[in-house]
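J.: One structure follows; several queries about it will come next.
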Amino acid sequence: MAEVILEVKELTTKYVTRYRESVYAVDHVSLKVERGKSLGIAGESGCGKSTLALSLMGYYFAPLHYTSGEIIIDGRKITGMKPDDIRKSILGTEIAYIPQSAMNALNPTRKIINFIEDVYEAHDPYKSKKEVYELARGFFETLGLPPEVLQKYPVELSGGMKQRTVIAISVILFPKVLIADEPSSALDVTSQKMVIKMLKNLMEQGFIKSMIFITHELPLLYNVTDDIAVMYAGQIVEKGTAKEVVLDSLHPYSRGLMGSIMVPESGLREIQLASIPGVPPNLKYPPFGCRFAERCKYVRPECQAMSIPLGELEDGRAYRCILPEKELREIYQREAYQNAR
Amino acid sequence: MPGEKNIILSGSELTRVFGFGHQKTVAVDHVDFNFYESEIVSIVGESGSGKTTLAKMLLGLISPTEGEVYFQGKQRDIRTHAKKQEYWKNIQAIFQDPFSSYNMFNKVDAVLLDCIHMRGGRKLPREEKAALMAEACSFVNLKFEELTNKYPFELSGGQMQRLMIARIFLLKPKILLADEPTSMIDACCRATILSMLMNLQLETGMTLIFITHDIGLAYYVSDNIYIMERGKFVESGSPDDVILHPKEAYTRRLINDVPKIHEEWDLSTV
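Protein chains in written order, with my numbering: chain A, 1 to 341; chain B, 1001 to 1270.
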C-alpha cells in the first residue's frame, strides 16, 4: 500500500452570487492521490474542473466559499486553517497551483528572476539575491531550461517556453502536490509535448510527489496520468485507472466523452463520432436524482427519483449510475454489435 | 474521384508578404492548389504557418502580393465592392471565435434575415421568411422561438457556432471556408458541430475547406489534406496517404506530437 499524499473527503464548495444564491460547483468530491502517482480530471467546460482545482488549495476567497469536507495533505489536515497560515505554510511548499492561462498573467515589466525572488522573499526571506539566483540557475539547468531565461522579460519568451517557466517557478520550493489546470491547451502540439515531458520529468526526478492534471482533452490525459476522474455537474461520475476509464468506460457520460475522441490513427475514419445532446444542468437548481438523466440515452424512471451514490467496485473503480455493471456492459455490447452491422 | 470533377477554386503562385526590409515576412510563399467541387479539403499546419493568411486571401479580405486566385476557371475579379458582394455569395466563412463574429447590435433574427435578403429573398412574405429561419434553426438543433429576441452574446459558444452554421444553411454558398471552427469548443460539442457541417456539405454539395491544427479532425473529415509549413504546402494527398504514411519529416513530426490512444506516444523526440 503506497503512501497517500493527498486525500480529499466529501469536499463541497459553493459560489455565492450577488443575489445570495448558492451554486455548488464541487459537490461531495472524494479523491486519493498516492505518492508518485498522477490524477487526471476530465469533463466538459462548466462541469467544475477548475473550481475543484481552486478548492483543493484550501485557500478560499469570495465568491468561492468552503462548505464541508476535508483535505488532508501528507497526514496534515488543511481545511479549517486560517487563510494566512495556508498562504505561508501550505501554498508553494505543500501544494502548487498553476491556474489556467497563468503564462499570460506574468507581469511584463519584470524579469523571470524577479518572480523567483518573490517566492523566496515570502517563504525564505534570509536568502540573499545571489543565493536565489544560483539556486534558480541550477534548478533550471536540471529541468533542461536555458538559464538565460532568468534574465529575460516574459514577452521575450515563446508560448511553450513561458509555460515551462511558469511551471518551474511554481515548483521551485518542491511542493508535494502540483495542480495544473489546462497547462497545455493554449499551445500547439510540439510545445504541448515539451510541457508534458517536463511535467513527467519533474515526477520522475522526485521534485514533486504527485500531480493533478486538469484538461478536457482525453487522449492527452490517457498518456499523462495514471488515474482519471470524470466530472459532471460538480460531481465525480467515474473514477479508475486511465486505461479503464478511456478504453472501457462504464458511466454513460464518460462513454459519450470517449465517443468524441479524434486521434490520427488508422481506423478513425470508420468510427461514427458520437456526441451527447443537450446541455449540462444549471447548478443553481441541480436536478434531484441523477444529474445526467436528462441527456442520458439509457434513462429510466427511477433515475430521477433518488440521488445516486458513487458505487465502488472491488478493484478501486467507481461510477455513479443506477444500473449495475453487468447490465451496463450488456447494453454497450448490444450497441457495439448493432453499430457493427 | 476528384480527377473527374470540376475545379472550383484554384490558385497559382499565390504569395503574401507582410512588412519590408528587415521585418519582411513571407506568410504565404508561392502556393499552388486546386480545390474541386463538393470535396472536403483540410489545410493543416502549426500556428504561424500561414493558414489564416491563405484563408483571408481566398475570401478576398486581403489581396495577394503575387499570384492569382481562379474561381470556376475564371480569374477572380473583386476590384469593386459590388463585385466583392457577388463573390461572397459563392464563398462564405466560419471563423474560430464565434464571440467576435457577430454584430453586437443585431438580434438573432436580424442575423438570419440578412442571409435571406442576401440570397434575393427580400420580397418574400413575412411568414415564408420566418419559416425559412425556423428551418435553418431546426437544422442545427436550435429553437427559433426562443432565439428571436436574443442578442448573440446571450448565447453560449456552442450555440453561437451552431447559429453560424444556420447562416450558412440559408446562404447555401458554393464554398465554405471553416477557419478552426471547433478550437474554441470542448471535445464533446466538437462532434456535434462537425456532424452538422458534414450533413450540410452532403445536403448542398458545397466545397468545404477546413483550416485547422487538429490533425485528428483533418484525418476524420477530409477527402484531401494539405500540410502547410512556413507558407508552403509541403505535402498533400488523400488522408490515408498523408496521415498514415507521411513522406515529409515535418508531417511525421506533426503526427508524432499528437497524443495517441492505441499507439504509443513517444516523448523522447522533442
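Just so it is clear, CB atoms sit at the ideal spot from N, CA and C, and this is done for glycine as well.
1. Would you decide whether A/VAL8 is buried or exposed? Buried here means 16 or more other CB atoms lie within 10 Å of its CB.
2. With a Cβ-Cβ cutoff of 9 Å, do B/ILE1211 and B/ILE1043 count as a contact?
3. Got a sec: which bits of the stretch 1182-1195 of chain B sit with their beta carbon under 8 Å from any beta carbon on chain A, in order along the chain?
4. As a quick exercise: from A/SER210, A/PHE139, A/ASN107 and A/LEU106, pick the residue whose alpha carbon is nearest that of A/ALA2.
5. Less than 9 Å between the C-beta atoms of A/PHE288 and A/TYR253, yes or no?
6. In whole angstroms, give me the CA-to-CA distance for B/ILE1062 and B/LYS1056.
7. Does the separation of the CB atoms of B/ARG1253 and A/THR190 fall below 9 Å?
8. Whole angstroms are fine: how far does the CA of B/ASP1223 sit from the CA of B/PRO1239?
9. How should B/LEU1202 be labelled, buried or exposed, when 16 other C-beta atoms within 10 angstroms of its C-beta is the threshold for buried?
10. With three or more C-beta pairs closer than 8 Å as the rule, is the stretch 22-39 of chain A touching the stretch 82-89 of chain A?
11. Closer than 6 Å by C-beta to B/ILE1040: which residues in its own chain qualify, once you throw out the five before and the five after it? Chain order, please.
12. Can you name, in chain order, every residue of its own chain whose Cβ lies under 8 Å from the Cβ of A/GLY278, other than the five neighbours on each side?
13. Excluding five sequence neighbours on each side, which residues of the same chain lie with their C-beta closer than 7 Å to the C-beta of B/ILE1175?
14. Can you tell me which residues form a DSSP beta bridge with B/ASN1224?
15. If you draw a straight line from the C-alpha of B/GLU1013 to the C-alpha of B/VAL1234, how long is it?
16. Once DSSP output is grouped into helix, strand and coil, what is the label at A/GLU137?
17. So the candidates are A/GLU330, A/GLU265 and A/THR142; which of them puts its Cα closest to the Cα of A/PHE207?
18. For A/GLU10 and A/GLY58, which I take to be in contact (beta-carbon distance under 8 Å), what is that distance rounded to the nearest angstrom?
19. Are the C-beta atoms of A/ARG269 and some chain B residue less than 9 Å apart?
20. What residue ranges within the stretch 1131-1194 of chain B form continuous beta strand (DSSP E) runs of no fewer than 3 residues, ordered along the chain?
21. Here's the rule: buried if 16 or more other CB atoms are within 10 angstroms of the residue's CB, otherwise exposed. What is B/GLN1072?
22. Determine the DSSP secondary structure at A/ASN339, reduced to helix, strand or coil.
23. Within 9 Å (strictly less), CB to CB, does A/ASN223 reach chain B?
24. Specify whether the stretch 93-105 of chain A and the stretch 132-142 of chain A touch according to this definition: at least 3 beta carbon pairs, one from each stretch, less than 8 Å apart.
25. In three-state terms, what does DSSP make of B/SER1101?
26. Going by beta carbon distance, what residues of the same chain come within less than 8 Å of A/VAL171, once the five residues before and after it are set aside?
27. Just the chain E side, please: which residues come within less than 7 Å of A/ASP226 by C-beta, in chain order?
28. The alpha helix (DSSP H) with B/LYS1083 in it runs from where to where?
29. For A/LEU247 and B/PRO1181, I'd like the C-alpha separation in whole angstroms.
30. Using C-beta distances below 8 Å, list every residue in its chain close to B/ARG1119, excluding the 5 sequence neighbours before and after it, in chain order.
31. Using a Cβ-Cβ cut-off of 7 Å (strictly less than) and excluding sequence neighbours within five positions of A/PRO108, which residues of its own chain qualify?
32. In this structure, how does DSSP classify B/THR1025 when only helix, strand and coil are distinguished?
33. Express the C-alpha separation of A/CYS47 and B/GLN1159 in angstroms, rounding to a whole number.
34. Taking the beta carbon of A/THR165 as the centre, do at least 16 other beta carbons fall within 10 Å, making it buried, or is it exposed?
35. Checking 9 Å against the spacing of the C-beta atoms, do A/GLN163 and A/VAL195 come in under that value?
36. Within the 9 Å Cβ cut-off, does B/ARG1230 reach chain A?
T.: With the structure as the only source:
1. A/VAL8 counts as buried, since no fewer than 16 other beta carbons sit within 10 angstroms of its beta carbon.
2. yes
3. ASP1186, ALA1187, CYS1188, CYS1189, ARG1190, ALA1191, THR1192, LEU1194 and SER1195
4. A/SER210
5. no
6. 6 Å
7. Taking 9 Å as the Cβ cut-off, B/ARG1253 and A/THR190 qualify as a contacting pair.
8. 7 Å
9. exposed
10. No, because fewer than three Cβ pairs between the stretch 82-89 of chain A and the stretch 22-39 of chain A fall closer than 8 Å, the two stretches do not touch.
11. Counting only Cβ-Cβ distances below 6 Å, and skipping sequence neighbours, we find LEU1208, VAL1221, SER1222 and ASP1223.
12. GLU294 and ARG295
13. ILE1008, LEU1009, ASN1090, ILE1091, MET1206, THR1207 and ILE1209
14. Beta-bridge pairing links B/ASN1224 to B/VAL1041.
15. 14 Å
16. This sequence places Arg at residue 137 of chain A; Glu is not what is there. Reduced to three states, the DSSP call for A/ARG137 is helix.
17. It is A/THR142 whose Cα lies nearest to the Cα of A/PHE207.
18. For a cut-off of 8 Å, the C-beta gap from A/GLU10 to A/GLY58 is around 15 Å, too long to register as a contact.
19. yes
20. 1175-1179
21. Label assigned to B/GLN1072: exposed.
22. A/ASN339 falls in the helix class under three-state DSSP.
23. yes
24. no
25. Coil at B/SER1101, not helix or strand.
26. ALA96, LEU178, LEU202, PHE207 and ILE208
27. Chain labels in this structure do not include chain E; the protein chains are A and B.
28. 1081-1088
29. 28 Å
30. Correct list, in chain order: LYS1089, LEU1170, LEU1171 and LYS1172.
31. TYR153, PRO154 and VAL155
32. It is a strand residue.
33. Approximately 17 Å, taken between the alpha carbons.
34. Answer is buried; the Cβ neighbour count reaches 16.
35. yes
36. no
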